[in-house]
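Participant: Chains as they are written, first to last, in the numbering used here: chain A, 1 to 431; chain B, 1001 to 1509.
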């Protein structure tokens, strides 16, 4: 078969770095470096955002400004106060997010010696709260990441989250007398189906008419919000006339792991399971192969015999169902009723999470935990250190900017540009 | 007297690649210098250095014996260097005048474009060099050859003395190439000097005064058409003995495999692009479809492979009516498709070599069982195919984008040819490949044909068609204007047919 002589390098091969014998090693390094740099950019982005955030904290704290107005008399003092402020704020953020290590250790000691678990539970609460916040983030982040892998930009996670929450709440409060083993799965299923349908509509519009999913998912968000308003002030309104749904029945509660005040619930582990499931589906099954192929090169997918229209609808449906689950867990495990503003932008943040996580389920879990911890710690940062929670929003915003524009990070830290494929996933759907 | 243009020791490195390795080049006034080399030999890099798009790592450029620095196209233009790109840089909806003015607009009354002055100059230039371009014509209405002449006018309008032509004949019919060469002569007669980049041996032999051959970034020889032969040039280009002709036993015709009747297909703009085409391809034969690009070949292939809806007419493969079949059904019936654009259609560049080798069979056993892809089976098959088809890749796990064009094409060939196929539809299977890969892929196609596969080969390269095909169809404006046995086809005859001129002795299809 070998018509070409072994010693001939075709000129095309010359264009490849390190042709022939030394190539396997170089390629191996390149592949490893690719994986490594997939991690490096997000980590540096987060670090950089926190550093800049520190400057912003300093620049907006009156005590620091006062110290700096005296900088010529007391330069050391100005630096000291600056450092103290920023360090104090971030320390409070850390404790708010993970809990105070000292209190946790003491809690264990009390529990072991007296059998009283309450101090321990109280000490664990901040950590648990962060995980509770992370849970809808994971679902919504997976939703957007799955869409990205299929070449679709699902901006509608927030709307899908609302309809998922509505459906779960409805099943949760309207059915009664059912055993938990039926009621809870039904309530979850309702959220999945509602979110899936909400995602399928823009998917179908794209597959059928070519209408861009970015536009239509945004529009579907508005419809979902106003639908929520209507239902909460009408058919699903509580009897006392407040725009809140009735309480769901305990048989539809998604259980917590530990007694109050720790609110960590099984939804968190379902979310981790969902991440594993998404990974398996995308990378280990033929259907996932089709979705990734369609996302990476729709022309190639069509050539390979894949029904693009079907894949678009499927991807949007699954994406919507995952986003719906974000609403579902929040209702069934935490809120137990649906209020108008029950989501504080989980669906919108999820776009950032998918970007930060490189549209990979593991990356989404990690970035969701990061966002969960940041939001979890923010309120303590405000109450203890007096640093406004909005600082967290600013830091999150900067993280996203750095992730979306990797050349910024690369030029700050003098990193070499990677091979193209690393970044294509994010941008492909705008083509 | 020093040469008009001299490059001395030009070296250009890219990470891991030495694209130009201390290249020396001279261009004398009034000559046509052909720069011959395969894709990736460094021709375009060298010209981009000269045109100021790249800064060389070493070496210098001299014009009239004086050292010059060229930092960008504007510098190059100032120094009288102009480039006619392979892919035209024209705004389709603008007129010729507007296109030519773009960047060097003449202004009247301080604000308004002065089209009149520009169009007068264009007419002047057009007459002077025999370019025959109407200044007020809209570019998208012009033929490809005329668009190229607009590009030439653009360069002349900017008063270039040295004209670089980057693969100018790639998009032209043989007749248009002849016209282009007439323009070359006119340019030389008026004192211009040309650098002509190409990989086509015939053209070099016909038009060049001097030939420099580039291989792997180095000048490997300088010669003249009088001293060289096509074979000696090919050997120089590739660095070893090359078979220019394919060894092909006589065809052993079998049953009809592909049967097309009165096929009508519309393109994306809803224009009739395949117009009542009928033909057959039998087992063991290669039917070549010749024609200038854009005469409906793309749409014909898309229709046959299920990628484009058929308006009317029928297609049957091995006796099965496949007119309304999906691409997958057509694949499953035993048809293989080597698409014309391998990177757009034939591969998923970010996927691994292994994944690309099962791109259309991943769902079948043994690659898929139950709910799961069988990674082991996929990798085993991939390794076998990589070995069997001599795909040069460091591993089956690297993204296929890391491979050279020739090896990417081999991945497609390995995937399509290792299935049991009865019909092969190959569209420009060697586009942009080096001579070595072309040789290999031609050999594989012949092998399939000898084993009784029916082959439909679509290519705008006359050499490819004449080398491989048993019968040749010529497509012009959506119709097969003739189908003739390969032995009766001459370059001239095919050239005329490709231009739509039907000679009386050629039997219409």
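Idealized CB from N, CA, C, for every residue including glycine.
Note that the structure is predicted; figures quoted are calculated from it, not measured.
For chain B, check one thing: does any of its Cβ atoms lie closer than 8 Å to the Cβ of residue 303 (chain A)?
Facilitator: Locating residue 303 (chain A) in the first chain gives position 303, counting from the first residue. Residue 303 (chain A) counts as touching chain B.
Participant: Of the choices B:1039, B:1082, B:1329, B:1284, whose alpha-carbon is the least far from that of residue 1432 (chain B)?
Facilitator: On the second chain, position 432 is the one that residue 1432 (chain B) refers to. Among B:1039, B:1082, B:1329, B:1284, the Cα nearest to that of residue 1432 (chain B) belongs to B:1039.
Participant: If you draw a straight line from the alpha carbon of residue 254 (chain A) to that of residue 182 (chain A), how long is it in whole angstroms?
Facilitator: Sequence index remark: in the first chain, residue 254 (chain A) carries index 254 (1-based). Sequence index remark: in the first chain, residue 182 (chain A) carries index 182 (1-based). Each residue's alpha carbon lies about 12 Å from the other.
Participant: Is the separation between the beta-carbon of residue 1455 (chain B) and that of residue 1424 (chain B) shorter than 8 Å?
Facilitator: Taking the first residue of the second chain as 1, we reach residue 1455 (chain B) at position 455. Taking the first residue of the second chain as 1, we reach residue 1424 (chain B) at position 424. Taking 8 Å as the Cβ cut-off, residue 1455 (chain B) and residue 1424 (chain B) qualify as a contacting pair.
Participant: Just the Cα atoms here: how many angstroms apart are residue 30 (chain A) and residue 1399 (chain B)?
Facilitator: As a first step, residue 30 (chain A) is located in the first chain; it is residue number 30 there, counting from the start. As a first step, residue 1399 (chain B) is located in the second chain; it is residue number 399 there, counting from the start. Only weak support is given to the placement of residue 30 (chain A): the predicted model assigns it a pLDDT of 44, under 50, and the question is left unresolved by the model.
Participant: Hey, is residue 1351 (chain B)'s beta-carbon within less than 8 Å of any beta-carbon in chain A?
Facilitator: Locating residue 1351 (chain B) in the second chain gives position 351, where the first residue counts as 1. So yes, residue 1351 (chain B) belongs to the interface.
Participant: Taking residue 450 (chain A) as the reference, give the member of A:395, A:379, A:365 with the closest Cα.
Facilitator: Residue 450 (chain A) is absent from the model: chain A starts at 1 and stops at 431.
Participant: Let's test the definition: count the other Cβ atoms within 10 Å of the Cβ of residue 1107 (chain B) and tell me whether it reaches 16, buried, or not, exposed.
Facilitator: Counting from one through the second chain, the residue named residue 1107 (chain B) turns up at place 107. Classification of residue 1107 (chain B): exposed, given that the 10 Å Cβ count is below 16.
Participant: Just reading off the beta strand (DSSP E) that residue 1266 (chain B) is part of, what are its end residues?
Facilitator: Position 266 of the second chain, counted from the start, is the residue given in the question as residue 1266 (chain B). First-last of the beta strand (DSSP E) with residue 1266 (chain B): 1256–1266.
Participant: Put residue 1449 (chain B) into one of helix, strand or coil per three-state DSSP.
Facilitator: In the second chain, counting from the first residue as 1, residue 1449 (chain B) sits at position 449. Reduced to three states, the DSSP call for residue 1449 (chain B) is helix.
Participant: In the region 281–302 of chain A, which residues sit with their C-beta less than 7 Å from some C-beta in chain B, listed in chain order?
Facilitator: Residues 284, 285, 286, 289, 293, 296, 297, 299, 300, 302.
Participant: Thinking just about the alpha-carbon of each residue, which of B:1047, B:1452, B:1031, B:1208 is nearest to the one in residue 1253 (chain B)?
Facilitator: On the second chain, residue 1253 (chain B) is found 253 positions in, with the first residue counted as 1. Out of B:1047, B:1452, B:1031, B:1208, B:1452 has the C-alpha closest to the C-alpha of residue 1253 (chain B).
Participant: Starting from the Cα of residue 1202 (chain B), find the closest Cα among B:1185, B:1189, B:1174, B:1216 and give me that residue.
Facilitator: Locating residue 1202 (chain B) in the second chain gives position 202, counting from the first residue. When only C-alpha atoms are compared, the closest one is B:1174.
Participant: Do you know offhand how far residue 1219 (chain B)'s Cα is from residue 1212 (chain B)'s?
Facilitator: Taking the second chain and counting its residues from 1, the one referred to as residue 1219 (chain B) is at position 219. Taking the second chain and counting its residues from 1, the one referred to as residue 1212 (chain B) is at position 212. So the alpha carbons of these two residues sit roughly 7 Å apart.
Participant: Return the CA-CA distance between residue 176 (chain A) and residue 168 (chain A), expressed in angstroms with no decimal places.
Facilitator: One-based indexing of the first chain puts residue 176 (chain A) at position 176. One-based indexing of the first chain puts residue 168 (chain A) at position 168. Computed Cα separation, rounded: 14 Å.
Participant: Alpha carbons only, please: which of A:412, A:132, A:396, A:327 is nearest the one belonging to residue 191 (chain A)?
Facilitator: As a position in the first chain, residue 191 (chain A) is number 191, starting the count at 1. Closest option to residue 191 (chain A), Cα to Cα, is A:327.
Participant: Output needed for residue 1448 (chain B): all residues of its chain with C-beta closer than 7 Å, excluding positions within five of it in sequence on either side, in chain order.
Facilitator: Along the second chain, one-based indexing puts residue 1448 (chain B) at 448. If we look at residue 1448 (chain B) and ignore the five residues flanking it on each side, its Cβ neighbours are 1417, 1424, 1455.
Participant: Taking Cβ-Cβ distances below 9 Å as the criterion, which residues of the region 1336–1351 of chain B are in contact with chain A?
Facilitator: Of all residues in the region 1336–1351 of chain B, 1337, 1339, 1341, 1343, 1344, 1345, 1346, 1347, 1348, 1349, 1350, 1351 have a Cβ within less than 9 Å of some Cβ in chain A.
Participant: Residue 1111 (chain B) to residue 1139 (chain B), Cα distance in whole Å?
Facilitator: By 1-based counting over the second chain, the position of residue 1111 (chain B) is 111. By 1-based counting over the second chain, the position of residue 1139 (chain B) is 139. Roughly 25 Å between the two C-alpha positions.
Participant: Among the residues of its own chain, which have a CB less than 8 Å from the CB of residue 122 (chain A), if the five just before and after it don't count?
Facilitator: Against the first chain, residue 122 (chain A) aligns to sequence position 122. 103, 107, 261, listed in sequence order.
Participant: Would residue 1224 (chain B) pass as a contact of residue 1210 (chain B) if the rule is Cβ separation under 8 Å?
Facilitator: Counted from its first residue, the second chain places residue 1224 (chain B) at position 224. Counted from its first residue, the second chain places residue 1210 (chain B) at position 210. Taking 8 Å as the Cβ cut-off, residue 1224 (chain B) and residue 1210 (chain B) qualify as a contacting pair.
Participant: Find the nearest neighbour of residue 1328 (chain B) within the set A:315, A:342, A:329, A:304, judged by alpha-carbon distance.
Facilitator: In the second chain, counting from the first residue as 1, residue 1328 (chain B) sits at position 328. Nearest C-alpha to residue 1328 (chain B): A:304.
Participant: So is residue 1320 (chain B) in contact with chain A if we call contact Cβ pairs under 8 Å?
Facilitator: Residue 1320 (chain B) sits at position 320 when you count from the first residue of the second chain. No, residue 1320 (chain B) lies away from the interface with chain A (no Cβ there is under 8 Å from its Cβ).
Participant: Is residue 1423 (chain B) close to chain A? Criterion is C-beta to C-beta, closer than 8 Å.
Facilitator: On the second chain, residue 1423 (chain B) is found 423 positions in, with the first residue counted as 1. Answer no: the Cβ-Cβ gap between residue 1423 (chain B) and chain A never drops below 8 Å.
Participant: Give me the Cα-Cα distance between residue 403 (chain A) and residue 39 (chain A), rounded to the nearest whole angstrom.
Facilitator: Taking the first chain and counting its residues from 1, one reaches residue 403 (chain A) at position 403. Taking the first chain and counting its residues from 1, one reaches residue 39 (chain A) at position 39. One C-alpha to the other measures close to 11 Å.
Participant: Any beta-carbon of chain A closer than 8 Å to the one on residue 1325 (chain B)?
Facilitator: On the second chain, residue 1325 (chain B) is found 325 positions in, with the first residue counted as 1. Cβ-Cβ to chain A under 8 Å: no for residue 1325 (chain B).
Participant: Which term fits residue 112 (chain A), buried or exposed, when burial requires 16 or more other beta carbons within 10 angstroms of its beta carbon?
Facilitator: The residue given as residue 112 (chain A) occupies position 112 in the first chain. By the 10 Å Cβ count, residue 112 (chain A) comes out exposed.
Participant: Assign residue 1007 (chain B) to one of two classes, buried (16 or more other C-beta atoms within 10 Å of its C-beta) or exposed (fewer than that).
Facilitator: Residue mapping note: residue 1007 (chain B) aligns to position 7 of the second chain, counting from 1. Per the 10 Å Cβ criterion, buried.
Participant: I'd like to know if residue 1373 (chain B) contacts chain A, where contact means its C-beta is closer than 8 Å to some C-beta of that chain.
Facilitator: The residue you call residue 1373 (chain B) lines up with position 373 of the second chain. So, interface residue.
Participant: By how many angstroms is the C-alpha of residue 1193 (chain B) removed from the C-alpha of residue 1546 (chain B)?
Facilitator: As displayed, chain B neither begins before 1001 nor continues past 1509, which places residue 1546 (chain B) out of reach and without an answer.
Participant: In whole angstroms, what is the alpha-carbon distance linking residue 1068 (chain B) and residue 1154 (chain B)?
Facilitator: By 1-based counting over the second chain, the position of residue 1068 (chain B) is 68. By 1-based counting over the second chain, the position of residue 1154 (chain B) is 154. Rounded to whole angstroms, residue 1068 (chain B) to residue 1154 (chain B) spans 23 Å at the Cα level.
Participant: Start and end of the beta strand (DSSP E) containing residue 1476 (chain B)?
Facilitator: Taking the first residue of the second chain as 1, we reach residue 1476 (chain B) at position 476. Here the beta strand (DSSP E) through residue 1476 (chain B) covers 1471–1476.
Participant: Please classify residue 1116 (chain B): is it buried, with 16 or more other beta-carbons within 10 angstroms of its beta-carbon, or exposed?
Facilitator: Here residue 1116 (chain B) corresponds to residue number 116 of the second chain, with the count starting at 1. Residue 1116 (chain B) is exposed by the Cβ-count criterion.
Participant: Which same chain residues end up closer than 7 Å to residue 384 (chain A) when comparing Cβ atoms and leaving out the 5 residues on each side of it in sequence?
Facilitator: Here residue 384 (chain A) is taken as the residue at index 384 of the first chain, counted from 1. The residues are 92.
Participant: What does DSSP give as the partner residue(s) for residue 1034 (chain B) in the beta ladder?
Facilitator: The sequence position of residue 1034 (chain B) within the second chain is 34, counting from 1. Beta-bridge pairing links residue 1034 (chain B) to B:1196, B:1211.
Participant: Is DSSP giving residue 1151 (chain B) helix, strand or coil here?
Facilitator: Here residue 1151 (chain B) refers to the residue found at position 151 when the second chain is read from its first residue. Residue 1151 (chain B) falls in the helix class under three-state DSSP.
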